[in-house]
Amino acid sequence: MDTEPEKVDDIFEKLLRQAVTKTVTSVLDEDLYWDEDIITRLMNYERRARQEELSSQTLQVIQSGKRLLGK
0 MDTEPEKVDD
10 IFEKLLRQAV
20 TKTVTSVLDE
30 DLYWDEDIIT
40 RLMNYERRAR
50 QEELSSQTLQ
60 VIQSGKRLLG
70 K
């Protein structure tokens with residue numbers, strides 16, 4: 000069965016979604032102190048994702064992370 004290799008954009012978005020998810024869940028699971036830097040980074044990721052016209056799935060992961068952290 001032939002499968003088409005993932006496009007570089009798809010791989011990047013997958014890695015970005017994983018990084019955002021891992022960061023947010025680490026903060027929530029470990030009840031770690033976190034500062035506004037995490038929120039600022041998520042806001043920057045969201046802005047850049049919109050500029051680069053990334054997928055709605057990627058935007059949703061970023062927005063969900065912000066919501067979970069209270070922003």
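Numbering that gives the first Met the number 0 puts the last residue of the sequence shown at 70; the count rises by one with no breaks.
Glycine included, every Cβ here is placed at the ideal spot set by N, Cα and C.
In this text, all values refer to a predicted model and were calculated from it rather than measured experimentally.
For the 7 Å CB-CB criterion, K70 and I38 form a contact. Our two residues, T20 and K65, have alpha carbons roughly 11 Å apart in a direct line. By the criterion of a C-beta distance shorter than 7 Å, S54 is surrounded in its chain by E12, once the five residues flanking it on both sides are discounted. If the five residues before and after V60 are omitted, its C-beta is found closer than 7 Å to the C-beta atoms of R16, V19, T20, all from its own chain and listed in chain order.
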